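Here the protein sequences line up with chains P and L, keeping their order.
Residues 1 to 415 (the UniProt record's numbering) are what the first sequence spells out, left to right.
Residues 1 to 415 (the UniProt record's numbering) are what the second sequence spells out, left to right.
Even glycine gets a Cβ: it sits at the ideal position worked out from N, Cα and C.
This one's a predicted model, so the numbers in the text were calculated from it and none came from an experiment.
2 protein chains.
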Amino acid sequence: MKNQLEQLTREQLAEVDRQFSIYSSGAAEIIPEEELKHKIAKSVLLDKPLKIKLGLDPSAPDVHLGHTVVLNKLRQFQDNGHVIQLIIGDFTGKIGDPTGKSTARKQLTDEEVQHNAQTYFQQFGKVLKMEKIELHYNSKWHSKLHFEDVINLAGKITVARLIERDDFEERLALKKPISLHEFFYPLMQGYDSVVLENDIELGGTDQHFNILMGRHFQEKFGKEKQVAILMPLLEGLDGVEKMSKSKNNYIGIDEPPNDMYGKAMSIPDELMPKYFELATDFSLDEIQKIQHEVKNNILHPRDAKMLLGRTIVRIYHGQEAAEEAELRFKSVFQKGELPTDIPAVHWQGSRSIAVIDLLVTFDLQSSKSEARRMIQNGGIKINGEKIMDIHAVITITNDLIIQVGKRIYRQLKCN
Amino acid sequence: MKNQLEQLTREQLAEVDRQFSIYSSGAAEIIPEEELKHKIAKSVLLDKPLKIKLGLDPSAPDVHLGHTVVLNKLRQFQDNGHVIQLIIGDFTGKIGDPTGKSTARKQLTDEEVQHNAQTYFQQFGKVLKMEKIELHYNSKWHSKLHFEDVINLAGKITVARLIERDDFEERLALKKPISLHEFFYPLMQGYDSVVLENDIELGGTDQHFNILMGRHFQEKFGKEKQVAILMPLLEGLDGVEKMSKSKNNYIGIDEPPNDMYGKAMSIPDELMPKYFELATDFSLDEIQKIQHEVKNNILHPRDAKMLLGRTIVRIYHGQEAAEEAELRFKSVFQKGELPTDIPAVHWQGSRSIAVIDLLVTFDLQSSKSEARRMIQNGGIKINGEKIMDIHAVITITNDLIIQVGKRIYRQLKCN
Chain P
1 MKNQLEQLTR EQLAEVDRQF SIYSSGAAEI IPEEELKHKI AKSVLLDKPL
51 KIKLGLDPSA PDVHLGHTVV LNKLRQFQDN GHVIQLIIGD FTGKIGDPTG
101 KSTARKQLTD EEVQHNAQTY FQQFGKVLKM EKIELHYNSK WHSKLHFEDV
151 INLAGKITVA RLIERDDFEE RLALKKPISL HEFFYPLMQG YDSVVLENDI
201 ELGGTDQHFN ILMGRHFQEK FGKEKQVAIL MPLLEGLDGV EKMSKSKNNY
251 IGIDEPPNDM YGKAMSIPDE LMPKYFELAT DFSLDEIQKI QHEVKNNILH
301 PRDAKMLLGR TIVRIYHGQE AAEEAELRFK SVFQKGELPT DIPAVHWQGS
351 RSIAVIDLLV TFDLQSSKSE ARRMIQNGGI KINGEKIMDI HAVITITNDL
401 IIQVGKRIYR QLKCN
Chain L
1 MKNQLEQLTR EQLAEVDRQF SIYSSGAAEI IPEEELKHKI AKSVLLDKPL
51 KIKLGLDPSA PDVHLGHTVV LNKLRQFQDN GHVIQLIIGD FTGKIGDPTG
101 KSTARKQLTD EEVQHNAQTY FQQFGKVLKM EKIELHYNSK WHSKLHFEDV
151 INLAGKITVA RLIERDDFEE RLALKKPISL HEFFYPLMQG YDSVVLENDI
201 ELGGTDQHFN ILMGRHFQEK FGKEKQVAIL MPLLEGLDGV EKMSKSKNNY
251 IGIDEPPNDM YGKAMSIPDE LMPKYFELAT DFSLDEIQKI QHEVKNNILH
301 PRDAKMLLGR TIVRIYHGQE AAEEAELRFK SVFQKGELPT DIPAVHWQGS
351 RSIAVIDLLV TFDLQSSKSE ARRMIQNGGI KINGEKIMDI HAVITITNDL
401 IIQVGKRIYR QLKCN
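This is the structure:
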């Protein structure tokens with residue numbers, strides 16, 4: 001494989017470089033880079049598409065911006081004629097958790113798996129060209145394995161290697177139980193690559209160990225080893241944790257334009273460049289220009305963030321919806337209705353709270369009964385919207401604005 | 001189960017005690033003793049035989065006295081009407097070693113497994129009533145397990161529990177690789193007990209961990225837990241290592257009477273009581289009487305050992321063969337042909353050696369050519385037998401006697 005680069009014409013070499021620079025942009029890690037280049041070279045030389053694998057958990061089909069980081073990368077491969085292999089990990093899903101301890105890993109029926117796969121598909125269509133995708137359910141091969149095959153598979157990996165995985169090592173050290181079957185999840189993911197003979201596997205950096213299992217087992221089964229492309233994890237709206245549904249810090253790609261725009265506006269300033277890079281279709285040059293302008297006070301950070309919000313809405317709902325969402329946002333938050341010097345208050349509690357409690361917590365009302373009366377009189381607005389229900393519970397977001405009567409404002413800061 | 005003992009008549013209670021004392025005699029460990037008593041009680045109360053399991057490795061069918069320690073224990077259960085379940089572990093045998101590293105665990109064909117099982121059977125017939133035995137090949141159930149079942153099985157045990165096994169812990173600490181499939185051997189043995197629903201599993205103390213797996217998995221699958229009866233390991237003729245074919249320190253139960261007798265005579269004196277207890281049909285009372293007489297110089301240790309040799313030959317070849325073997329031994333070693341003050345020489349080398357090298361090593365001849373000439377002249381005897389072949393290679397045993405010419409004697413001491 002080493003001398004494939006030497007066989008290329010100058011034009012072909014340029015093409016290899018062009019693709020390599022696209023695929024590596026934004027990636028946290030490529031293991032190993034050199035092999036990626038050679039794989040591209042082989043593809044160019046033989047005019048044969050590469051096979052790019054992405055594994056999906058069939059139990060959580062709500063797609064958010066965090067997922068689009070790898071989807072956008074896949075789209076780049078698609079745009080250059082390569083083949084995407086989506087693997088629905090339904091075998092694990094159908095087994096559930098044999099210890100019965102994890103409620104997260106509940107057993108799924110065939111119907112649920114099918115339904116969840118459909119849900120993925122409908123959402124992925126916003127990023128990928130779905131008509132060009134290979135879809136696989138890994139139960140197809142895993143369900144055919146017998147005990148003998150499993151022993152054979154297990155014979156190709158050491159216990160020490162598996163324990164190396166971050167969370168296993170930690171749990172062993174803390175004497176937290178690891179069920180032996182958990183050792184099989186990375187094996188399954190690795191064996192998927194043996195069956196698919198894919199050239200590349202994509203995933204977040206948290207998939208580092210599992211994706212290297214694919215390399216390991218492909219080699220043990222005498223196949224060409226896949227290259228791992230690990231994408232950074234996108235922090236959620238809180239700016240701290242990885243974006244996920246369970247943390248309620250996500251922007252779902254199916255959310256309505258106004259919610260999407262509003263949530264984008266609550267992203268901490270320092271995360272903006274990362275969101276531009278990983279969650280929009282802006283080029284690196286464009287992003288650098290924005291950063292430069294913000295840094296030199298040519299562009300106000302708020303305006304940069306509005307561009308981000310508009311862009312995200314435009315990608316998933318189109319240009320018109322993006323403009324409408326921006327207009328609405330402006331009308332609520334920026335039409336001179338708000339003073340420019342709102343005092344900030346800091347919030348570290350739970351992500352949802354009854355409005356009454358919120359008012360009392362920040363001494364905006366002296367008692368719950370007073371707060372209740374104020375709501376009934378129409379004197380309370382949250383983000384510009386009048387609260388009419390005394391039992392209203394709101395979701396805390398960064399920069400959320402509380403208005404009491406005509407003159408009192410507070411802006412919540414969550415970090 | 002607790003109050004079964006209370007339901008028994010006085011006569012039945014005595015029967016429980018009688019059986020319990022037989023089964024526990026000579027055992028290194030019973031886990032747990034109380035449950036064994038309750039199992040016997042249930043059997044007596046319901047007049048229902050217990051099921052006693054013994055697992056066999058299909059790759060090493062040469063049965064020696066070391067094996068008879070558990071076989072004798074099984075026979076006691078048979079004599080009291082219980083059912084013996086022999087499990088040929090052919091599933092593992094047919095898989096072989098998936099890493100290809102262990103030559104010991106080579107892959108066996110169906111024919112080899114069958115042949116080895118036959119060989120076991122023919123030999124076991126010298127201790128057990130074979131017509132009353134249940135025979136099982138564990139491939140029958142293991143080969144039917146699918147990946148899903150394996151995951152389910154693996155979900156019932158923790159990694160930490162498996163690592164606890166002595167050799168795993170040591171190998172991990174020394175960073176010696178453990179292939180993941182090795183974790184499955186104890187699981188398989190445990191699952192055998194789930195399928196067989198046996199009451200008791202027998203084995204050597206080196207099977208401690210694996211036999212407790214049977215208890216573990218029976219419980220996890222909602223079955224009554226087996227009791228482990230662990231028998232001591234019989235040291236081989238060297239008095240140090242566990243008797244085994246690979247150490248060449250064994251007495252095979254198929255060996256000819258003279259070899260058996262001669263080997264028995266080479267057992268170190270201090271091991272005699274253990275051999276009497278574990279490898280003969282002598283009662284504890286009889287053994288204590290012999291020990292007492294030896295201690296008080298009523299019985300010469302050599303005569304006690306001759307009784308042991310005679311007994312072992314009698315068990316496997318009958319009374320007549322035992323007497324003949326003793327006569328022959330006496331004619332060679334004791335007919336006044338040997339001086340009573342033979343100098344001992346100590347030997348720590350390999351267990352087989354060319355006679356010529358042996359003579360030179362102990363300075364009994366000054367050179368190899370001289371040694372060769374002495375053999376050709378009929379001047380060399382080993383254990384009373386004239387060596388005629390200058391290329392003769394002999395097997396070293398303790399107390400072996402070398403005679404050079406008419407006057408020079410040496411007796412080998414191996415420990």
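{"Asked": "Return the bridge partner residues of residue 409 of chain L from the DSSP annotation.", "Found": "L/403"}
{"Asked": "Secondary structure at residue 64 of chain P, three-state DSSP: helix, strand or coil?", "Found": "strand"}
{"Asked": "Can you check which of these residues, P/291, P/251, P/144 and P/22, is closest to residue 267 of chain P by C-alpha distance?", "Found": "P/251"}
{"Asked": "Under three-state DSSP, which class holds residue 220 of chain P?", "Found": "helix"}
{"Asked": "Determine whether the Cβ of residue 194 of chain P lies closer than 9 Å to any Cβ atom of chain L.", "Found": "no"}
{"Asked": "How far does the beta strand (DSSP E) with residue 202 of chain P in it reach, from first residue to last?", "Found": "200-204"}
{"Asked": "Quick one: does the C-beta of residue 254 of chain P sit closer than 8 Å to a heavy atom of the ligand GTP?", "Found": "With respect to the ligand GTP, the structure offers nothing, as it holds no ligand at all."}
{"Asked": "Here's the rule I'm using: 16 or more other beta-carbon atoms within 10 Å means buried, otherwise exposed. How should residue 237 of chain L be labelled?", "Found": "buried"}
{"Asked": "Give a yes or no on whether the C-beta atoms belonging to residue 394 of chain P and residue 367 of chain P are separated by under 9 Å.", "Found": "no"}
{"Asked": "Is residue 295 of chain P close to chain L? Criterion is C-beta to C-beta, closer than 9 Å.", "Found": "no"}
{"Asked": "Could you tell me whether any Cβ in chain P is nearer than 9 Å to the Cβ of residue 109 of chain L?", "Found": "no"}
{"Asked": "Note down, in chain order, each residue of its chain lying with its Cβ closer than 8 Å to the Cβ of residue 347 of chain P, except the 5 sequence neighbours on either side.", "Found": "396, 412, 413 and 414"}
{"Asked": "Across which residues does DSSP place residue 250 of chain P in a beta bridge pair?", "Found": "According to DSSP, residue 250 of chain P bridges with nothing at all."}
{"Asked": "To the nearest angstrom, how far is the alpha carbon of residue 27 of chain L from that of residue 190 of chain L?", "Found": "21 Å"}
{"Asked": "Can you check whether the CB of residue 200 of chain L is closer than 9 Å to the CB of residue 453 of chain L?", "Found": "Residue 453 of chain L lies beyond the residue range present for chain L, which begins at 1 and ends at 415; the question has no answer from this structure."}
{"Asked": "Can you check DSSP and say which residues form a bridge with residue 111 of chain P?", "Found": "Its beta-bridge partners do not exist; DSSP assigns none."}
{"Asked": "Quick check on the burial criterion: 16 or more other C-beta atoms within 10 angstroms. Buried or exposed for residue 138 of chain L?", "Found": "buried"}
{"Asked": "Just grab the DSSP bridge partners of residue 227 of chain L for me.", "Found": "L/200"}
{"Asked": "Less than 9 Å between CB atoms is the rule here; does residue 149 of chain L satisfy it with respect to chain P?", "Found": "yes"}
{"Asked": "Applying the 10 Å Cβ sphere with the 16-neighbour rule, what's the burial state of residue 48 of chain P?", "Found": "exposed"}
{"Asked": "Within the chosen definition, does the segment 66-83 of chain L reach the segment 213-226 of chain L through at least 3 CB pairs nearer than 8 Å?", "Found": "no"}
{"Asked": "Going by C-alpha distance, which of L/355, L/233 and L/285 is nearest residue 204 of chain L?", "Found": "L/233"}
{"Asked": "Can you tell me whether DSSP reads residue 85 of chain L as helix, strand or coil?", "Found": "strand"}
{"Asked": "Closest to residue 176 of chain L by C-alpha separation, out of P/122, P/152, P/188 and P/159, would be which residue?", "Found": "P/159"}
{"Asked": "Comparing the C-beta of residue 127 of chain L with each C-beta of chain P, is any distance below 9 Å?", "Found": "no"}
{"Asked": "Say whether chain P places a C-beta atom closer than 9 Å to the C-beta of residue 55 of chain L.", "Found": "no"}
{"Asked": "Is the distance from the Cβ of residue 450 of chain L to the Cβ of residue 401 of chain L below 9 Å?", "Found": "Chain L is shown only over 1 to 415; residue 450 of chain L falls outside these bounds and no answer can be derived."}
{"Asked": "Shorter than 9 Å from the beta carbon of residue 159 of chain L to some beta carbon of chain P?", "Found": "yes"}
{"Asked": "When DSSP builds the beta bridges, which residues end up paired with residue 158 of chain P?", "Found": "L/179"}
{"Asked": "Which bits of chain L does residue 262 of chain P rub up against, with CB to CB less than 9 Å?", "Found": "Going along chain L, no residue has its Cβ under 9 Å from residue 262 of chain P, so there is no contact; the nearest lies around 44 Å."}
{"Asked": "Of all the CB atoms in chain P, is at least one closer than 9 Å to the CB of residue 223 of chain L?", "Found": "no"}
{"Asked": "Since residue 14 of chain L sits in a beta bridge, which residues does DSSP pair it with?", "Found": "For residue 14 of chain L, which the question treats as bridged, DSSP gives no partner whatsoever."}
{"Asked": "For a minimum of 3 consecutive residues, which ranges assigned as the beta strand (DSSP E) are wholly contained in the segment 344-409 of chain L?", "Found": "344-346, 352-354, 380-382, 393-395 and 401-404"}
{"Asked": "What residue range does the beta strand (DSSP E) around residue 262 of chain L cover?", "Found": "Premise fails: residue 262 of chain L lies in the alpha helix (DSSP H), 257-265, not in any beta strand (DSSP E)."}
{"Asked": "Using beta carbons (cut-off 9 Å, strictly below), is residue 155 of chain L in contact with chain P?", "Found": "yes"}
{"Asked": "With a threshold of 8 Å, are at least 3 pairs of Cβ atoms found where one atom belongs to the segment 138-149 of chain L and the other to the segment 139-153 of chain P?", "Found": "yes"}
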